[in-house]
Amino acid sequence: MSDTIDEETCAYYLEVPSAQLVELQAYFEMYESLGTVRTIDLKRSLVCILTTTSLAEPCQQALLSLRDRLQWRSVERPQDVSPEAFLGYGKKAGNN
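In this note's numbering, the protein residues as written are 19 to 114.
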C-alpha cells in the first residue's frame with residue numbers, strides 16, 4: 019500500500035472524493051507527526067500522504083480507521099508523478 023521514497027520517507031497515494039479532501043487534511047493536521055497530505059492532482063482527486071518509515075504502520079491504521087467516513091481508494095503512484103515534485107528536495111537550496 020505504501021511507496022518507499024527513501025530510507026526515511028514513504029508515501030500513500032489515494033484517490034479521495036473532492037468533497038472529502040478537506041476532512042482528510044484536517045484529520046492529518048490534528049495529528050501533526052503522523053503524516054502530511056499533499057494534493058497531487060485536484061482534477062483527479064489524487065493526494066499523497068507523506069510519512070516516515072517508522073510511522074508507516076500507524077499511518078496505515080489511521081487511514082483504515084477513516085474508511086467508514088471517507089471513501090478513499092489506494093492507488094499506485096502515477097507514472098507522470100515524480101516524488102521530487104511534491105517532496106521538495108529535488109533541488110538543493112540555492113540551485114535553480
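Glycine residues also receive a C-beta, built at the ideal position from the N, C-alpha and C atoms.
Does DSSP classify residue i as helix, strand or coil?
i, result
"V65", "strand"
"E50", "coil"
"S100", "coil"
"V122", "The requested residue 122 does not occur in the structure, where the chain is confined to residues 19 to 114."
"I58", "strand"
In whole angstroms, give me the CA-to-CA distance for residue i and residue j.
i, j, result
"S100", "L73", "22 Å"
"Q78", "G53", "10 Å"
"T71", "T22", "8 Å"
"E75", "S92", "15 Å"
"Q89", "L81", "10 Å"
"R56", "E94", "15 Å"
"E47", "K61", "22 Å"
"R87", "Y30", "18 Å"
Does any C-beta atom of chain B lie closer than 8 Å to the C-beta of residue i?
i, result
"S100", "The displayed structure is made up of one protein chain only, and chain B is not part of it."
In terms of residues, what are the limits of the alpha helix (DSSP H) holding residue i?
i, result
"E75", "74-83"
Strictly by DSSP, which residues pair up with residue i?
i, result
"T71", "BP columns for T71 are empty, so no partner."
"V93", "According to DSSP, which records beta bridges pairwise, V93 is partnered with nothing at all."
So residue i is in the beta strand (DSSP E); what residue range does that whole segment cover?
i, result
"L32", "27-33"
Flag residue i as yes when its Cβ comes closer than 7 Å to any non-hydrogen atom of the ligand PLP, and as no otherwise.
i, result
"A29", "By its list of ligands, the structure shown contains no ligand whatsoever, and the ligand PLP lies outside what it can speak to."
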